[in-house]
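Student:
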Amino acid sequence: MTTPTEPQILADTGGLLVTDDGRRVLVIDRRTSALATFAFVLGVITLVVGGFGVVALIADMPSRTLGAIFLAVGLVFAVLTFLVVRKMRQRRRQALKECRPVAVIDRKLGLFSYRGGALVQLNQVRFARQLQIGSSSPKLVAITPGGTLVLKRGNPFDGGIGNIDQILTATAKGS
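For the sequence shown, counting from 1, position 128 maps to 109 in this note's numbering; every step adds exactly one.
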């Protein structure tokens, strides 16, 4: 009996991972996009509130007490930022076998499957990046006869989607 080999990582943008075990290509969303945005917002609040507190404390303007309060609130936000970033890192270090794929390309059967969706013949699927309203990052989609399926919404704070659309297209054509 042969032991399964560790899947090869084709692409890793931080929040999105594509692996290949020879037969299947898995698209894994590590679910860190919301955490990355939250960490960014908390970091900005930390800098603004904490910075105001330091300046008010040093300059005694409007008062040292108010400066100390703002600095304390800034430190609380810094701790929250640290905890959110630590949670993101935990998800990124998570073992591949614990991650749930959002999409699977099965080379042997020539099928594409999407979490919660139907099986589609691989030759009927196209992978593309599409613009998102309200974001500077594109989203990764699979275009099937049944409609457009969003595999991952790009996030500039989480690494975006990189060139994963090209990798998946090449994989689908090579099968």
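Ideal placement from N, C-alpha and C gives every residue a C-beta, glycine not left out.
#1: On the three-state DSSP scale, how would you describe ASP41?
#2: Please state if the CB of VAL6 and the CB of THR152 are separated by a distance shorter than 9 Å.
#3: When you compare the CB positions of LEU130 and GLY98, do they come within less than 9 Å of one another, or not?
#4: Quick check on this structure: which residue in ILE9, GLY(-4), THR(-6) has the alpha carbon closest to the alpha carbon of VAL83?
#5: Pairs of beta-carbons, one from the stretch 89 to 106 and one from the stretch 54 to 64, closer than 8 Å: are there three or more?
#6: So, with DSSP's three-state summary, where would you put VAL29?
#7: State the CB to CB distance for the pair LEU47 and ALA37, rounded to an integer number of angstroms; the pair is presumed to be in contact (CB under 8 Å).
#8: Give the straight-line distance between the Cα atoms of GLN102 and SER94, rounded to the nearest whole angstrom.
#9: Is VAL30 close to the ligand SAM? I mean its beta-carbon at under 8 Å from any heavy atom of the ligand.
#10: So, with DSSP's three-state summary, where would you put VAL66?
Tutor: A quick look at the data gives this:
#1: coil
#2: yes
#3: yes
#4: ILE9
#5: no
#6: helix
#7: 6 Å
#8: 9 Å
#9: This structure lacks the ligand SAM; in fact it carries no ligand of any kind.
#10: helix
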